[in-house]
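Before any comments, here is the structure.
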Amino acid sequence: MKPSTKEKIADLIARYPALAPCEGDMTRAVEAIVGSYARGGKVLTCGNGGSAADSEHIVGELMKGFLKHRPLGEEMREALKKVAPERAEYIANGLQGALPAVSLIGALALNTAFANDQAPDLSMAQQVLGLGVRGDILLGISTSGNSKNVVYAIDVAKAKGLTTIALTGETGGRLKAIADICICAPSRETYKIQEYHLPIYHMLCIAAENEFFDE
């Protein structure tokens, strides 16, 4: 991992000193995400309510340029020229490099069908079963650490060989005991936990982008 990638954690703690106790777990999370991407993996995200919005937010930061422009490489540019020579330049100049990520919240038809036909609290786990591959990351967000659907998703992820990362509140709840890595925001009030979660996951996205894309 680049030294400048590790510095993103220190930068975060400098801005949010209350997160200093989370440094070790945040470092492990960055290492896991970077390692997964280096091996061709992807990040799956999930959560409920405000945490569902956060899971979508994370995907938005990973799948396109965040702090960096991420221009397409020459290999992809040449491939586009072969299949669509008259459109290749526009496409290549308009696209940005992506870090593969999928939110399990956005599959409206699947989630509602599975909730109606099977079990509402297993709809996220069903997607992990279908999409997760050994070496991927599942990032589950729960302010209490006890959200059943997130717990079940992490159970399935571990059974499939994914690395599991949880974002929780101070106590960690059930997720602290089962996730491979648990970042426990230092509060027990939901809105304050969510306020800490945003800079934490922004840092995770910034670190991953820094590792794979040059200035």
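Residue numbers (this note's numbering): 1305 to 1519.
Idealized CB from N, CA, C, for every residue including glycine.
Residue environment, residue i, which counts as buried when at least 16 other CB atoms sit within 10 Å
| i | result |
| --- | --- |
| Ser1308 | exposed |
| Asp1421 | exposed |
| Thr1468 | buried |
| Gly1434 | exposed |
| Ala1405 | buried |
| Asp1358 | buried |
| Gly1345 | buried |
| Gly1398 | exposed |
Limits of the beta strand (DSSP E) - the one that residue i falls within
| i | result |
| --- | --- |
| Gly1364 | It is not in any beta strand (DSSP E) - Gly1364 instead sits in the alpha helix (DSSP H) that spans 1354-1366. |
| Ser1340 | That residue, Ser1340, is in no beta strand (DSSP E); its alpha helix (DSSP H) goes 1327-1342. |
Simplified DSSP state of residue i, which is helix, strand or coil
| i | result |
| --- | --- |
| Ala1489 | coil |
| Ala1461 | helix |
| Ala1481 | helix |
| Lys1372 | coil |
| Phe1517 | coil |
| Met1380 | helix |
| Ser1451 | coil |
| Arg1438 | coil |
| Gly1398 | helix |
| Met1305 | coil |
| Tyr1320 | coil |
| Thr1475 | coil |
Residues that DSSP places opposite residue i in a beta bridge
| i | result |
| --- | --- |
| Thr1349 | Ser1407, Leu1443 |
| Ala1470 | Gly1444, Cys1486 |
Continuous alpha helix (DSSP H) stretch holding residue i: start and end
| i | result |
| --- | --- |
| Glu1390 | Unbroken run through Glu1390: none, as it is neither H nor E. |
beta-carbon residue i near the ligand GTP non-hydrogen atom, thresh 7 Å
| i | result |
| --- | --- |
| Gly1364 | Ligands are entirely absent from the displayed structure, and the ligand GTP is therefore not among its contents. |
Unbroken alpha helix (DSSP H) runs of length 4 or more, entirely within the segment 1401-1435: which are they? 1412-1421, 1427-1435
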